[in-house]
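Input: a single structure, listed below in structure tokens.
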Ligand SMILES: [Zn+2]
Ligand SMILES: [Zn+2]
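So, in structure tokens, the structure goes:
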């Protein structure tokens, strides 16, 4: 069986650790991982202002070239030992589809190894990064209602599940229930998101799901994304899943499934 870590970050992530990409590859080889896919946060679309205080959600546009070149070098260097691939974790941001599509078209090869995720939703008249911190989430929920945050996320994820970028759309849908990240601390009385509908759309689109194990490392969630019942439903729908650690440091490569 091929062991894959399909969701790994790099030093080009400004909120990561700065460890070299090669350290991630070495860790993968040490742990017996066959396929390692770098999926750095793609630069945010032009005209979109990163809503987090440190403005560090994504890589800088000027780093894209060096990132892809290092990925290609490691792919050659480790051929036959670790199958290294290089893509992006691309944000689905409503209203910025044109800019996002242009980026994917410019990087078709990397797009084929990429993940489409939702981290930003509109709430209370401004953009909000939903997985930034429990405190920020609680504060925003206080302001607009936690149901509203869930609902806005669910609607954005439904659109992402329809593969809005056609032939250049990333083949993998990222941590589909990321909105649950802080639910042990705060959650709506009833979950308003149509999860079954999202899974059905993802299946109809032919997506692979990011079976993201970072959630196990988050104290306010402590499950995989998707959570177990969704995994069962995904199997029932014939949706393929791809294991991923969402490592932001080399020691987390394979974390949760190796
Ligand atoms: Zn990240
Ligand atoms: Zn993510």
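Residue numbers (full-length UniProt numbering): 1 to 258. Even for Gly, the Cβ is constructed at its ideal location relative to N, Cα and C.
My understanding is that residue i touches residue j, with C-beta atoms under 8 Å, so please give their C-beta distance in whole angstroms.
{"i": "residue 174", "j": "residue 116", "result": "6 Å"}
{"i": "residue 209", "j": "residue 179", "result": "With a Cβ gap of about 15 Å, residue 209 and residue 179 do not count as contacting."}
{"i": "residue 166", "j": "residue 192", "result": "29 Å between Cβ atoms; not a contact."}
{"i": "residue 29", "j": "residue 82", "result": "5 Å"}
{"i": "residue 31", "j": "residue 253", "result": "7 Å"}
{"i": "residue 9", "j": "residue 56", "result": "About 12 Å separates the two Cβ atoms, so there is no contact after all."}
{"i": "residue 255", "j": "residue 170", "result": "About 22 Å; that fails the 8 Å criterion."}
{"i": "residue 17", "j": "residue 248", "result": "6 Å"}
{"i": "residue 244", "j": "residue 194", "result": "Their Cβ separation, rounded to whole angstroms, is 24 Å, which puts residue 244 and residue 194 out of contact at 8 Å."}
I'd like to know if residue i contacts chain B, where contact means its C-beta is closer than 7 Å to some C-beta of that chain.
{"i": "residue 66", "result": "Going by chain labels, chain B is absent from the structure shown, which holds only one protein chain."}
Considering only the beta carbon of each residue, do residue i and residue j sit closer than 7 Å?
{"i": "residue 94", "j": "residue 156", "result": "yes"}
{"i": "residue 120", "j": "residue 127", "result": "yes"}
{"i": "residue 52", "j": "residue 85", "result": "no"}
{"i": "residue 4", "j": "residue 25", "result": "no"}
{"i": "residue 45", "j": "residue 59", "result": "no"}
{"i": "residue 184", "j": "residue 135", "result": "no"}
{"i": "residue 275", "j": "residue 199", "result": "The structure shown does not extend to residue 275, since the chain is modelled only from 1 through 258, so no value can be given for it."}
{"i": "residue 246", "j": "residue 222", "result": "no"}
{"i": "residue 189", "j": "residue 160", "result": "no"}
{"i": "residue 67", "j": "residue 150", "result": "no"}
{"i": "residue 125", "j": "residue 143", "result": "no"}
{"i": "residue 172", "j": "residue 242", "result": "yes"}
{"i": "residue 203", "j": "residue 237", "result": "yes"}
{"i": "residue 110", "j": "residue 80", "result": "no"}
{"i": "residue 218", "j": "residue 187", "result": "no"}
{"i": "residue 48", "j": "residue 96", "result": "yes"}
{"i": "residue 250", "j": "residue 40", "result": "no"}
Can you name the residues that DSSP bridges to residue i?
{"i": "residue 89", "result": "41, 115"}
{"i": "residue 35", "result": "4, 83"}
{"i": "residue 256", "result": "BP columns for residue 256 are empty, so no partner."}
{"i": "residue 96", "result": "Beta-bridge pairing links residue 96 to no other residue."}
{"i": "residue 120", "result": "129"}
Report yes if the C-beta of residue i is less than 6 Å from at least one heavy atom of ligand 4; otherwise report no.
{"i": "residue 245", "result": "You won't find ligand 4 in this model; what it holds is ligand 1 and ligand 2."}
Can you tell me which residues fall inside 7 Å of ligand 1, judged by beta-carbon distance to its nearest heavy atom, and keep chain order? 9, 13, 15, 16, 41, 248
Ignoring anything shorter than 3 residues, give me the beta strand (DSSP E) runs that lie fully in the stretch 125-189, in order along the chain. 126-129
Of all the alpha helix (DSSP H) runs that stay within the bounds of the stretch 194-256, which reach a length of 4 or more residues? 195-205, 228-236
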